[in-house]
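Numbering (mature numbering (1 follows the signal peptide of the UniProt record, and there is no 0)), first residue to last: -22 to -1, 1 to 427.
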């Protein structure tokens, strides 16, 4: 999930576990090794942002930078839920819930404060060793992400992070260290979480670090950037960094460690605004410019045809060697699904200004409603309507497009504003959230059947 809202994730997936038990969902047909768990990310959960040798991450810098943070209440991850100090309590809660997996991310800056330009931080490495060992002791499978939006700030300062091919070398160095150190116990590796949102929010809208943007696509006050070009440069380097990490894992570690490796992407479901051919093509274009943008190169060795046709020379090129290295460059696909939108064509039709309508975004306009009727039950957030059918449609689409590659549903949840007047009992009896989870689990089960 995006960092702005993922504080909900652990609560949400914990609710999912209790919802399954109390709402009579039939799980009898699932295999005995089916993973049903909860999730977190290092910046949002660990805290201890300067403890025991940890370096500053780009998110530490962002939330502390004068006048740069767009977090309305000025909050940050300095303490978060203090998972770094209270992980034993958290794992006890996981055991009580009865989950058999925990998706976590490693803090790159905690392990390599200065990237490959400095020494590993042994205190940080030992924290993750203890965390993984206790999880396994409790029968909980660690599902480990290498980068969940955060990188060492050192790499941003040295060469501009994802705008430079140098970060491919840094990510490979970091991944190699993690595989070597933790891979004897970790059977599921994720290279990146939601890089499709990372590059769009960091290099197009400017809302996330490194806060680069320009022109009409900017949604923040950026001092520098190029919203038309930089998202594609950053994405290209992320994709090649993923390929480098997968190559290292398969060449040096996978045979002995017997694990698997993949990537996690955010997938919003897109429905055509009308039955017109233009709107149907626009919905496919929206998928190409958001989700397939990353998966097509990793699985097929090339960018989506829709992107090539629209962007032409603006889209970076893969060498023949890179194309071969990329093909089938994962063992599984991780999908984060939350909501859905209607999509209207803006390539052959006039659209009002807004996100998505520019050529470099795919020339479409997305909306949560059609003719005044929401696509699903509204929530307190304008961008988030409840559409469980999108879960089944998403899984089916990914399965069919990517040749039945194994899929993990890695995130799903319900966002709700915090009401300070709620009692503890009212917070616990959040029936809307429970219904959301049950309905989406039922949709997922339908896709599995």
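Heads up, the beta-carbon is just placed ideally off N, CA and C, and yes, glycines get one too.
Since residue 21 and residue 35 should fall inside the 8 Å C-beta cutoff, what is the C-beta to C-beta distance between them, to a whole number of angstroms? To locate residue 21, count along the chain shown from 1; it is residue 43. To locate residue 35, count along the chain shown from 1; it is residue 57. 6 Å between Cβ atoms; contact.
Could you check how far apart the C-beta atoms of residue 321 and residue 250 are, in whole angstroms? I think they sit under 8 Å. Taking the first residue of the chain shown as 1, we reach residue 321 at position 343. Taking the first residue of the chain shown as 1, we reach residue 250 at position 272. That pair is a contact at about 6 Å.
Can you name the start and end residues of the beta strand (DSSP E) that residue 173 belongs to? To locate residue 173, count along the chain shown from 1; it is residue 195. Careful: residue 173 lies outside any beta strand (DSSP E), inside the alpha helix (DSSP H) at 173 to 181.
Simplified DSSP assignment, three categories, for residue 296: Numbered from its first residue, the chain shown carries residue 296 at position 318. Note: residue 296 maps to coil in three-state DSSP.
Which value, in whole angstroms, describes the spacing of the CA atoms of residue 84 and residue 19? Here residue 84 is taken as the residue at index 106 of the chain shown, counted from 1. Here residue 19 is taken as the residue at index 41 of the chain shown, counted from 1. Using only the alpha carbons, I get a separation of about 8 Å.
How do the segment 212 to 227 and the segment 304 to 311 stand: do at least 3 beta-carbon pairs fall below 8 Å, yes or no? yes
Integer-rounded CB distance, given that residue 116 should sit under 8 Å from residue 73: Within the chain shown, residue 73 is the residue found at index 95, counting from 1. Within the chain shown, residue 116 is the residue found at index 138, counting from 1. That belief holds up - the Cβ atoms of residue 73 and residue 116 are roughly 5 Å apart, short of 8 Å.
Residue 14 (DSSP reduced to helix, strand or coil): The residue labelled residue 14 in the question sits at position 36 within the chain shown. Correct three-state label for residue 14: coil.
Counting Cβ pairs closer than 8 Å, one from the segment 76 to 95 and one from the segment 117 to 128, do we hit at least three? yes
Sequence-distant residues of the same chain with beta carbon closer than 7 Å to residue 365, five excluded per side: Locating residue 365 in the chain shown gives position 387, where the first residue counts as 1. Only 247, 317, 318, 353 and 354 meet the Cβ criterion.
DSSP-derived helix/strand/coil call for residue 99: As a first step, residue 99 must be located in the chain shown, where it is residue number 121. Looking at residue 99 - three-state DSSP - the assignment turns out to be coil, as it is neither helix nor strand.
Tell me whether residue 303 sits in a helix, a strand or coil according to DSSP, three-state version. For the purposes of this step, residue 303 is identified with residue 325 of the chain shown, where counting begins at 1. Correct three-state label for residue 303: helix.
Identify, in the order they occur along the chain, each residue of the same chain with its Cβ nearer than 8 Å to the Cβ of residue 150, setting aside the five sequence neighbours on each side. For the purposes of this step, residue 150 is taken as the residue at position 172 of the chain shown. 219, 222, 223 and 226.
Rounded to whole angstroms, what is the Cα-Cα separation between residue 44 and residue 200? Numbered from 1 along the chain shown, position 66 holds the residue referred to as residue 44. Numbered from 1 along the chain shown, position 222 holds the residue referred to as residue 200. If you take the alpha carbons of residue 44 and residue 200, they lie about 13 Å apart.
Please report how far the alpha carbon of residue 373 lies from the alpha carbon of residue 137, in whole angstroms. Numbered from 1 along the chain shown, position 395 holds the residue referred to as residue 373. Numbered from 1 along the chain shown, position 159 holds the residue referred to as residue 137. Those two C-alpha atoms are separated by around 38 Å.
Considering only the beta carbon of each residue, do residue 179 and residue 186 sit closer than 8 Å? Along the chain shown, read from residue 1 onward, the residue named residue 179 stands at position 201. Along the chain shown, read from residue 1 onward, the residue named residue 186 stands at position 208. Result yes, Cβ atoms of residue 179 and residue 186 sit closer than 8 Å.
In terms of residues, what are the limits of the alpha helix (DSSP H) holding residue 219? Residue numbering aside, residue 219 sits at position 241 when the chain shown is read from its first letter. 208 to 226 is the span of the alpha helix (DSSP H), which, as asked, contains residue 219.
Could you pull out every unbroken beta strand (DSSP E) segment of at least 3 residues lying fully inside the segment 82 to 157, listed in chain order? 119 to 125
Please look up how many angstroms separate the CB atoms of residue 244 and residue 339, rounded, as I've assumed it's under 8 Å. As a first step, residue 244 must be located in the chain shown, where it is residue number 266. As a first step, residue 339 must be located in the chain shown, where it is residue number 361. 15 Å between Cβ atoms; not a contact.
Where residue 428 and residue 29 are concerned, what is the direct C-alpha to C-alpha distance, given to the nearest angstrom? No answer is possible for residue 428: the residues shown for the chain start at -22 and end at 427.
If contacts are defined as beta-carbon pairs under 8 Å, then residue 161 and residue 231 qualify, I think. What distance do you get, rounded to the angstrom? Translated into the one-based positions of the chain shown, residue 161 becomes position 183. Translated into the one-based positions of the chain shown, residue 231 becomes position 253. Indeed they touch by this definition, with Cβ atoms about 5 Å apart.
Helix, strand or coil: how does DSSP classify residue 383 here? By one-based count along the chain shown, residue 383 stands at place 405. In the structure shown, residue 383 sits in coil (DSSP, three-state: anything other than H, G, I, E or B).
How should residue -11 be labelled, buried or exposed, when 16 other C-beta atoms within 10 angstroms of its C-beta is the threshold for buried? The residue you call residue -11 lines up with position 12 of the chain shown. Unreliable positioning characterises residue -11 in this predicted model, as indicated by a pLDDT of 34, which lies under 50. The coordinate reading is nonetheless provided below. Buried, because 16 or more other Cβ atoms sit within 10 Å of the Cβ of residue -11.
Going by DSSP, name the residue or residues bridged to residue 168. By 1-based counting over the chain shown, the position of residue 168 is 190. Paired residues: 123 and 240.
Verify whether the separation of the beta carbon atoms of residue 394 and residue 3 is less than 8 Å. Here the question's residue 394 lines up with position 416 in the chain shown. Here the question's residue 3 lines up with position 25 in the chain shown. No. Outside cutoff.
For residue 402, name the three-state secondary structure that DSSP assigns. The residue labelled residue 402 in the question sits at position 424 within the chain shown. Residue state, collapsed to three classes: helix.
Reducing DSSP to helix, strand and coil, say where residue 323 ends up. Within the chain shown, residue 323 is the residue found at index 345, counting from 1. In the structure shown, residue 323 sits in a strand (DSSP, three-state: E or B).
With a Cβ-Cβ cutoff of 8 Å, do residue 363 and residue 350 count as a contact? If you number the chain shown from 1, residue 363 lands on position 385. If you number the chain shown from 1, residue 350 lands on position 372. In this structure, residue 350 does not lie closer than 8 Å to residue 363 by Cβ.
Taking only the alpha-carbon atoms, compute the straight-line gap between residue -13 and residue 303 and give it to the nearest angstrom. Mapped onto the chain shown, residue -13 falls at position 10. Mapped onto the chain shown, residue 303 falls at position 325. With a pLDDT of 30 at residue -13, under the threshold of 50, the modelled position of that residue is not reliable, and no figure is offered here.
Endpoints, the alpha helix (DSSP H) within which residue 261 is located: By one-based count along the chain shown, residue 261 stands at place 283. From DSSP, the alpha helix (DSSP H) with residue 261 extends over 255 to 265.
Reducing DSSP to helix, strand and coil, say where residue 271 ends up. In the chain shown, counting from the first residue as 1, residue 271 sits at position 293. Reduced to three states, the DSSP call for residue 271 is helix.
Where does residue 49 land, buried or exposed, given buried means 16+ other C-beta within 10 angstroms? As a first step, residue 49 is located in the chain shown; it is residue number 71 there, counting from the start. Exposed: under 16 other Cβ atoms inside 10 Å.
Where do the N-terminal and C-terminal ends of the alpha helix (DSSP H) with residue 288 fall, by residue? Counting from 1 along the chain shown, the entry for residue 288 is found at position 310. Start and end: 283 to 289.
Under the DSSP definition of a beta bridge, which residues are partnered with residue 247? The residue given as residue 247 occupies position 269 in the chain shown. DSSP output for residue 247 lists 318 as bridge partner(s).
Excluding the 5 residues flanking residue 202 on each side, which residues of the same chain have their C-beta closer than 7 Å to its C-beta? Within the chain shown, numbered from 1, the residue matching residue 202 stands at position 224. Within the same chain, residue 202 has close Cβ partners 190.
Using DSSP with H/G/I as helix, E/B as strand and the rest coil, what is residue 39? In the chain shown, counting from the first residue as 1, residue 39 sits at position 61. In the structure shown, residue 39 sits in a helix (DSSP, three-state: H, G or I).
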